[in-house]
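Comments concern the structure below.
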Amino acid sequence: MSIFKNKKLITIVKYFVPLIILIIIFFEARNFFTHFNWSLLDHYLDRLSLFNILFIILLGLIALVPMFFYDVILTRLLNIKISTKKLIGYSLSANAYSNLIGFGGVAGATLRTIYYRPYIKDSTPYIKIIAKLSLFYLCGLSILSWFVLFTSNGLFSELRLAHIAAWGIALYAPILLIVFFFKRKLWDLSNVKRDFITELMMISVFEWLFVVICIWGIVNIMGFTISLIAVFPIVILGACAGIVSMLPGGIGSFDLVILLGFEAQGIPGELGLLVLMFYRACYYIIPALLGTPFALNALWGKLKPDRFI
Numbered sequence: 333m334s335i336f337k338n339k340k341l342i343t344i345v346k347y348f349v350p351l352i353i354l355i356i357i358f359f360e361a362r363n364f365f366t367h368f369n370w371s372l373l374d375h376y377l378d379r380l381s382l383f384n385i386l387f388i389i390l391l392g393l394i395a396l397v398p399m400f401f402y403d404v405i406l407t408r409l410l411n412i413k414i415s416t417k418k419l420i421g422y423s424l425s426a427n428a429y430s431n432l433i434g435f436g437g438v439a440g441a442t443l444r445t446i447y448y449r450p451y452i453k454d455s456t457p458y459i460k461i462i463a464k465l466s467l468f469y470l471c472g473l474s475i476l477s478w479f480v481l482f483t484s485n486g487l488f489s490e491l492r493l494a495h496i497a498a499w500g501i502a503l504y505a506p507i508l509l510i511v512f513f514f515k516r517k518l519w520d521l522s523n524v525k526r527d528f529i530t531e532l533m534m535i536s537v538f539e540w541l542f543v544v545i546c547i548w549g550i551v552n553i554m555g556f557t558i559s560l561i562a563v564f565p566i567v568i569l570g571a572c573a574g575i576v577s578m579l580p581g582g583i584g585s586f587d588l589v590i591l592l593g594f595e596a597q598g599i600p601g602e603l604g605l606l607v608l609m610f611y612r613a614c615y616y617i618i619p620a621l622l623g624t625p626f627a628l629n630a631l632w633g634k635l636k637p638d639r640f641i
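Numbering (this note's numbering), first residue to last: 333 to 641.
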């Protein structure tokens, strides 16, 4: 009975928290867009050349590079022999859909189980390994959050809710590591060496640093000069808010925090919105489109035998 109540409580929280956050975002966004000049969007767009747009797309794809090494580690851990070309395709689609859909990386973990199952020749519990190791993908953001919390106090007056979210994310890595090292039986991952965990955490740090660089690059391409140090805390706080909101891709919460943070740095709201539009396109949508053929091919290969029995 208690298990049923706990599941019911988790379900309520899962839907209630995003709903409350959406309501807060609605009222905050309404205040932000009150003095918004939509005609300025055309002005900023006209300043972009085709080369600028292509370079922005390239930035988004480069930002995904660190995530490729998640799959490199998984193939080593699962003792899988696979061509680099195929691994790049699998990694691109798994990470792109994981970013786009969110939900704790469920989409990415699901695709990886489909991709790597044909290569597993023994009784290796690959699904359990993929699912549990994916928990470490957030550690990089957790580590970077500590730097923001102790070095960027000036932003917190503008982004109070994001400050709270950052504390929640900052505590994630320490708690996860405590559970991992002192409750190894609970994890049942005795075959996973600590070196793999360290590597996963380092990859995660670079993953989020590349996101910061991507957004910083887009801002500068759009014609507004700003330092990487100024963009760093804004993006990290936005990412924390997006994760805590539990909304797909952190949509809404991430964007609002970025816009408010940009405004605090003197970046016009219209330019900030355009930066976010390009970021969403180059980091989420275009990689997902490029990765779709790999996902469809793998799904077709999985379903095809059943269709002709």
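Even for Gly, the Cβ is constructed at its ideal location relative to N, Cα and C. Keep in mind the model is a prediction, meaning the values are calculated, not measured.
{"Check": "By Cβ distance, which residues of its chain are closer than 8 Å to L560, with the 5 residues on each side in sequence left out?", "Outcome": "V544, I545 and W548"}
{"Check": "Might you give, ordered along the chain, the residues of its own chain that have their beta carbon closer than 6 Å to the beta carbon of V551, omitting 5 neighbours on each side?", "Outcome": "I558 and V607"}
{"Check": "Let's test the definition: count the other Cβ atoms within 10 Å of the Cβ of G598 and tell me whether it reaches 16, buried, or not, exposed.", "Outcome": "exposed"}
{"Check": "At a cut of 8 Å, does the stretch 410-419 reach the stretch 608-625 through at least three beta carbon pairs?", "Outcome": "no"}
{"Check": "Would DSSP call R444 helix, strand or coil?", "Outcome": "helix"}
{"Check": "Quick check: the Cα distance between L481 and I452, rounded to an integer number of angstroms?", "Outcome": "43 Å"}
{"Check": "Is the stretch 575-593 in contact with the stretch 381-396, if contact means three or more CB pairs nearer than 8 Å?", "Outcome": "no"}
{"Check": "To the nearest angstrom, report how far apart I566 and L470 are at their CA atoms.", "Outcome": "17 Å"}
{"Check": "In three-state terms, what does DSSP make of T624?", "Outcome": "helix"}
{"Check": "Within 10 angstroms of the Cβ of I475, are there 16 or more other Cβ atoms? Answer buried if so, exposed if not.", "Outcome": "buried"}
{"Check": "Give me the residue from M609, E531 and W478 with the minimum Cα distance to P398.", "Outcome": "E531"}
{"Check": "Can you have a look at W540 and say buried or exposed, based on whether 16 or more other CB atoms are within 10 angstroms of its CB?", "Outcome": "buried"}
{"Check": "Tell me which same chain residues have a C-beta within less than 6 Å of the C-beta of G472, skipping the five on either side of it?", "Outcome": "S536, V537, E539 and W540"}
{"Check": "In angstroms with no decimal places, state the Cα-to-Cα distance between L592 and N411.", "Outcome": "46 Å"}
{"Check": "Rounded to whole angstroms, what's the CA-CA distance from R379 to M554? Just pull it up for me.", "Outcome": "8 Å"}
{"Check": "Use the C-beta contact count for L698: other C-beta atoms within 10 angstroms, 16 or more gives buried, fewer gives exposed.", "Outcome": "What the structure shows of the chain is the stretch from 333 to 641, and residue 698 is not part of that stretch, so it cannot be assessed."}
{"Check": "At the level of alpha carbons, what is the spacing between Y504 and G392?", "Outcome": "26 Å"}
{"Check": "The alpha helix (DSSP H) that contains L382, what's its start and end?", "Outcome": "L382 to I394"}
{"Check": "For I459, collect the residues of the same chain with a Cβ closer than 6 Å to its Cβ; drop the 5 residues on either side in sequence, then sort them by chain order.", "Outcome": "T445"}
{"Check": "Please go through the same chain and pick out, in chain order, the residues whose beta-carbon is closer than 6 Å to the beta-carbon of A303, but skip the five residues on each side of it.", "Outcome": "It is not possible to answer for residue 303, since the shown part of the chain is limited to 333 through 641."}
{"Check": "Roughly how many angstroms separate the alpha carbons of F594 and T624, rounded to a whole number?", "Outcome": "33 Å"}
{"Check": "Assign S559 to one of three DSSP states: helix, strand, or coil.", "Outcome": "coil"}
{"Check": "Going by DSSP in three states, N629 sits in which element: helix, strand or coil?", "Outcome": "helix"}
{"Check": "May I ask which residues mark the beginning and end of the alpha helix (DSSP H) holding K464?", "Outcome": "Y458 to L465"}
{"Check": "Anyone know if the C-beta pair for A562 and A428 falls short of 7 Å?", "Outcome": "no"}
{"Check": "When you compare the CB positions of G500 and F626, do they come within less than 7 Å of one another, or not?", "Outcome": "no"}
{"Check": "Quick one, which of I529, L622, S484 and N629 has its alpha-carbon nearest K464's?", "Outcome": "I529"}
{"Check": "Output the boundary residues of the alpha helix (DSSP H) element that contains L377.", "Outcome": "S371 to D378"}
{"Check": "For a test of the three-state rule: what should DSSP assign to S415, helix, strand or coil?", "Outcome": "coil"}
{"Check": "Where do the ends of the alpha helix (DSSP H) carrying I599 lie?", "Outcome": "Neither: I599 is in no alpha helix (DSSP H) and is coded neither H nor E."}
{"Check": "Which same chain residues, not among the five before or five after F610, have their C-beta less than 7 Å away from its C-beta?", "Outcome": "I388 and I550"}
{"Check": "Under 7 Å between the Cβ atoms of W478 and A502?", "Outcome": "yes"}
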